[in-house]
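Q: Numbering (the numbering used here), first residue to last: 226 to 848. Note that beta-carbon positions come from the ideal geometry of N, C-alpha and C, so glycine has one too.
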């Protein structure tokens, strides 16, 4: 087995060229076998095998730097840098990350997880290199989906000013997570179709160099090449920005890739190498449906079917059905996604109401302001987005939506701990960054019914910025007996007793119910309140609990800083209530990858740990 010979970085250079194809096949087989057991990002990694091999053959790591955009395609890189054994614990708590991590390996030049960042980071490296008069190569790899992000264009604009070599590899597979949309995708499609120009150019150039005075003729041609190129190639955006464009080149042909990288290295400014790959390459189910295999749970290799299905509907599915049902009755409702119609549950909406559905690509900031424009124009936009991605559009939420008090509904999926994707994807900051914005309303449902009811309230009964925050995974169906109508700013009293009052937010209501039972079994009298609204807080409920209980316990799946608990503490202080407050929340820190259950225990927000903390705290204040 060739792969077994690769123990460290640069070992691939000891592999003879005639064995490259066999090694690529072994890598794909390894990735399919491994990810079928652990889950992970499959399609993107299968598509980047030869590209990664070529980069490792061309570069000398760790002196040279590869910066992966997002990092979905970095598994082969990890294999070629001696981390094969780590795949057994891929994305598990304490195991290897699914993304590049500087603290995991010095072969990982930059931490990534969100898109459209690699060119900016690469530019930083290049500038640092040149200032320090060092001579290593920097290659930023970015996908065509990530290229739709505004930050990528800001970086490209800046890249035109670079005086030293900087290589940008555009990994073009015509996909982000879902099918690419927009003008950039169209432009790249047109360039892909223009291979005849590049074949002609190469052939003519090679012939001329063999002729007397050929080099002089080539120099003359180069001075007028832009005019000729524009007659054949539909769009030369990169050249227009002062970035030399090379390609397109077959991203599954290692020899051609190495050849073009050598050409790119000789250029003393920014150069973009356009590489065309196939997402899911080498595994038919992933080739046919790359979106399904972007991030996949453990699956059967033969059938491609996921091995373990969750019981019941996910919150994303509940949202999907609810927004479609409401849109049927209200023609003003529109839906927006940033390249994730499947992940956010909007795929059905896109089929049922295509004229009211907008996929803006990986461009969350644009999506928010676009939604604001829709609202100003008289529609009711719903922007469905993951919590960790919405934070990329903080300024737009504040400046373009909330200042104007526009009726935009934010359907915030993956709020709270999401598990195996780790720090960059945990949705643990949204309660903090949304609650500090004037005019924003933040609502967190306790179960599936309340998600539906909250969405209807936000769209049909409320008129202003409205954030609906719900977690990843199977929707809670318990608490069917608790269906108090939603009233703006009012919490739901589920049980009212004395001694201890539990004020729980969203996903923590289910945990709080278990905690309540645990406490009652030990003789405590316990109130349970479903907060519902994180902003505005139900002041009357807090006031009553503060007057009639010895202890208020706030429970939220959000960092403590700026969260619900801190707001309650401030309110208790302002009202001068004679009650102690215990905040149960996530620590003010980044939380690594692992299963949600393990992470909840590690963070101390599981039912057993919370019960113990409450008893210890309560006994101290009573004594």
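When we look at the beta-carbon of residue 303 and count the other beta-carbons within 10 Å, is it buried (16 or more) or exposed?
A: Buried is the call here.
Q: Just the C-alpha distance for residue 229 and residue 267, rounded to the nearest angstrom, thanks.
A: Roughly 21 angstroms separates the two Cα atoms.
Q: Rounding to the nearest angstrom, what Cα-Cα distance links residue 325 and residue 342 in this structure?
A: Going from the Cα of residue 325 to the Cα of residue 342 covers about 13 angstroms.
Q: When DSSP labels each residue in this structure, what does residue 522 get in the three-state scheme?
A: Of the three classes helix, strand and coil, the one that applies to residue 522 here is coil, per DSSP.
Q: Report the three-state DSSP secondary structure of residue 195 (helix, strand or coil).
A: Past the edges of the chain, shown from 226 to 848, lies residue 195, and the structure says nothing about it.
Q: Could you check which residue in 251, 235, 823, 544 has the C-alpha nearest to that of residue 226?
A: When only C-alpha atoms are compared, the closest one is 251.
Q: How big is the Cα-Cα spacing for residue 753 and residue 604?
A: The straight-line gap from Cα to Cα measures roughly 38 angstroms.
Q: Does DSSP put residue 242 in a helix, in a strand, or in coil?
A: Looking at residue 242 - three-state DSSP - the assignment turns out to be helix.
Q: Could you tell me the boundaries of the alpha helix (DSSP H) in which residue 279 lies?
A: Where residue 279 is concerned, the enclosing alpha helix (DSSP H) stretches over 274-283.
Q: Is it the case that the region 631-646 contacts the region 677-697, given that we only count it when at least three CB pairs across the two stretches are under 8 angstroms?
A: Yes, they touch.
Q: Buried or exposed: residue 568, going by 16 or more other Cβ atoms within 10 Å of its Cβ?
A: Looking at its Cβ environment, which holds 16 or more other Cβ atoms inside 10 Å, residue 568 is buried.
Q: Flag this pair as touching only if the region 768-775 and the region 717-725 have three or more C-beta atom pairs under 8 angstroms; answer yes or no.
A: Verdict: yes, contact present.
Q: For the region 702-710 against the region 668-680, are there 3 or more C-beta pairs whose distance is under 8 angstroms?
A: Segments in contact, yes.
Q: Taking 8 angstroms as the threshold, find out whether the region 788-796 comes into contact with the region 652-671 through three or more Cβ pairs.
A: Touching, yes, given that three or more Cβ pairs across the two stretches are closer than 8 angstroms.
Q: Apart from the five residues on each side of it in sequence, which residues of its chain come closer than 7 angstroms, Cβ to Cβ, to residue 280?
A: Hits under 7 angstroms: 291, 364.
Q: Bridge partners for residue 222 per DSSP, in chain order?
A: A question about residue 222 goes unanswered here, because the residues of the chain that appear run from 226 up to 848.
Q: Find out if the Cβ-Cβ distance for the pair residue 474, residue 485 is shorter than 8 angstroms.
A: Yes, the pair counts as a contact, with Cβ atoms nearer than the cut-off.
Q: Quick one: what's got a C-beta closer than 7 angstroms to residue 425's C-beta in the same chain, skipping five residues either side?
A: No answer about residue 425 holds up, because its pLDDT of 49 lies below 50 and its placement is not dependable.
Q: Any idea what DSSP makes of residue 854, helix, strand or coil?
A: No answer is possible for residue 854: the residues shown for the chain start at 226 and end at 848.
Q: Given a threshold of 16 other Cβ atoms within 10 Å of its Cβ, counted over all protein chains shown, does residue 760 qualify as buried or as exposed?
A: With 16 or more other Cβ atoms within 10 Å, it is buried.
Q: If you draw a straight line from the alpha carbon of residue 468 to that of residue 332, how long is it in whole angstroms?
A: If I take the Cα positions, the gap works out to 27 angstroms.
Q: Please classify residue 285 as buried or exposed, where buried requires at least 16 other C-beta atoms within 10 Å of its C-beta.
A: By the 10 Å Cβ count, residue 285 comes out exposed.
Q: Should residue 637 and residue 610 be called a contact, given that it needs their Cβ atoms to be closer than 8 angstroms?
A: The answer is yes: Cβ separation under 8 angstroms.
Q: In whole angstroms, what separates the C-alpha of residue 647 from that of residue 374?
A: Whole-angstrom Cα-Cα distance: 22 angstroms.
Q: Which class does residue 810 belong to by DSSP, given the choice of helix, strand or coil?
A: DSSP places residue 810 in strand when its eight states are reduced to three.
Q: Taking the alpha carbon of residue 287 as the reference point, which residue from 259, 327, 309 has its own alpha carbon closest?
A: Minimum Cα distance to residue 287 is reached at 327.
Q: Just to check my reading of the structure: residue 617 and residue 590 have Cβ atoms closer than 8 angstroms, yes? What is that Cβ distance to the nearest angstrom?
A: That pair is a contact at about 6 angstroms.
Q: Any idea what DSSP makes of residue 783, helix, strand or coil?
A: Strand at residue 783.
Q: Are the beta-carbon atoms belonging to residue 377 and residue 371 less than 8 angstroms from one another?
A: Yes, the Cβ-Cβ distance between residue 377 and residue 371 is below 8 angstroms.
Q: Does residue 462 come out as helix, strand or coil in the three-state DSSP assignment?
A: Here residue 462 sits in helix by DSSP.
Q: Can you check whether the CB of residue 588 is closer than 8 angstroms to the CB of residue 560?
A: No, the Cβ-Cβ distance between residue 560 and residue 588 is not below 8 angstroms.
Q: Excluding the five sequence neighbours on either side, which residues of its own chain have a C-beta within less than 6 angstroms of the C-beta of residue 832, listed in chain order?
A: 736, 739, 740, listed in sequence order.
Q: Measuring alpha carbon to alpha carbon, tell me which of 350, 346, 271, 264 ends up nearest residue 321.
A: When only C-alpha atoms are compared, the closest one is 264.
Q: Which residue's Cα is closest to the Cα of residue 702: 780, 673, 393, 716?
A: Residue 673 is the option with its Cα nearest to residue 702.
Q: Decide if residue 837 is buried, meaning its Cβ has at least 16 other Cβ atoms within 10 Å, or exposed.
A: Residue 837 is exposed by the Cβ-count criterion.
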